[in-house]
Amino acid sequence: MDILKQPLITEKISAMNERGVYGFIVEKTAKKPEIKLAVEKTFGVKVVSIRTIRYAAKHKSRYTKAKVVSGFTNAFKKAIVQVADGEVIDFYGEI
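Counting from 8, one number per residue, gives the positions in the sequence shown under our numbering.
Written out as structure tokens, the structure reads:
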């Protein structure tokens with residue numbers, strides 16, 4: 008099971024990247040020490056702090072010609088990771 012699912016690439020997180028703060032979507036059951044270990048092992052940086060945010064699934068419905076289609080969005084968890092001064096995670100290096 009891979010803890011880090013994908014990096015967050017938004018305007019807000021991109022602005023925070025200059026200060027050494029990065030965002031990831033992580034496994035819902037992942038704990039902070041597990042996230043720290045995964046980031047340090049994957050990117051080779053020292054993690055200073057981690058903040059996590061859990062998003063619940065939301066009910067969505069839409070009306071079509073035949074019927075009402077309803078369902079839920081996916082629940083997920085974000086991790087905001089701050090690395091030590093002078094260290095950088097390069098998401099675009101392999102592009």
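Just so it is clear, CB atoms sit at the ideal spot from N, CA and C, and this is done for glycine as well.
By the DSSP assignment, the beta strand (DSSP E) with L11 in it spans what residues?
Counted from its first residue, the sequence shown places residue 11 at position 4. Counting along the chain, L11 sits inside the beta strand (DSSP E) bounded by residues L11 to P14.
With distances taken Cα to Cα, identify the nearest neighbour of R69 among A63, N81 and S77.
In the sequence shown, residue 69 corresponds to position 62, counting from 1. Ranking A63, N81 and S77 by Cα distance to R69 puts S77 first.
Look up I42 in the DSSP assignment and say whether it is helix, strand or coil.
For this step, residue 42 is matched to residue 35 along the sequence shown. Helix, per DSSP.
CA-CA distance, A64 and V33?
Residue 64 sits at position 57 when you count from the first residue of the sequence shown. Residue 33 sits at position 26 when you count from the first residue of the sequence shown. Their Cα atoms are separated by approximately 15 Å.
Output needed for V46: all residues of its chain with C-beta closer than 6 Å, excluding positions within five of it in sequence on either side, in chain order.
As a position in the sequence shown, residue 46 is number 39, starting the count at 1. If we look at V46 and ignore the five residues flanking it on each side, its Cβ neighbours are V54 and V88.
So, using beta-carbon positions, are F31 and I96 closer together than 7 Å?
The sequence position of residue 31 within the sequence shown is 24, counting from 1. The sequence position of residue 96 within the sequence shown is 89, counting from 1. Going by C-beta atoms, F31 is not nearer than 7 Å to I96.
Could you give the C-beta distance for I42 and I57, rounded to a whole number, given that I count them as a contact under 8 Å?
One-based indexing of the sequence shown puts residue 42 at position 35. One-based indexing of the sequence shown puts residue 57 at position 50. Right, the Cβ-Cβ distance comes to about 6 Å (below 8 Å), so this counts as a contact.
Please work out which residues of its chain come closer than 6 Å, Cβ to Cβ, to E94, disregarding the five sequence neighbours upstream and downstream, and give them in chain order.
The residue given as residue 94 occupies position 87 in the sequence shown. Closer than 6 Å at the Cβ level, and outside the excluded window around E94, lie V52.
Can you tell me where the alpha helix (DSSP H) with I96 in it begins and where it stops?
As a working mapping, residue 96 is identified with position 89 in the sequence shown. From DSSP, I96 is part of no alpha helix (DSSP H); its letter is neither H nor E.
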